[in-house]
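What follows is one structure encoded as structure tokens, with my remarks underneath.
Numbering (our numbering), first residue to last: 24 to 96.
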């Protein structure tokens, strides 16, 4: 018994693209926060906000990519 359906090839590609995008978002946010902390001795954002922003942008980008593909089909 399958709980989820198999992803299509387009969905796999969109998932991969969004994961790479999310990885770079996390790198950028962490770098900005670290540089700000080195200069001002306080954090620009909390760890929770960095985590939340990264997750929302990653899954949001995947959703947008999947919606674009479904509108073209």
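Idealized CB from N, CA, C, for every residue including glycine.
Just the Cα atoms here: how many angstroms apart are residue 89 and residue 64? C-alpha of residue 89 to C-alpha of residue 64: approximately 41 Å in a straight line.
Within the continuous alpha helix (DSSP H) that includes residue 90, where are the two ends? Residues 70-95.
Can residue 92 and residue 37 be called in contact, C-beta distance under 8 Å? Judged by beta-carbon spacing, residue 37 lies within the 8 Å limit of residue 92, meaning their Cβ atoms are closer than that value.
Can you tell which of 32, 26, 76 has its C-alpha closest to the C-alpha of residue 53? Selected option, being the one with the closest Cα: 76.
Within this structure, are the beta carbons of residue 42 and residue 56 separated by less than 8 Å? Result no, Cβ atoms of residue 42 and residue 56 do not sit closer than 8 Å.
Measuring CB to CB, does residue 35 end up less than 8 Å from residue 81? It is not a contact, given that the beta carbons lie outside the stated cut-off.
What is the rounded straight-line gap between the Cα of residue 33 and the Cα of residue 84? Near 14 Å, if we compare the C-alpha coordinates of residue 84 and residue 33.
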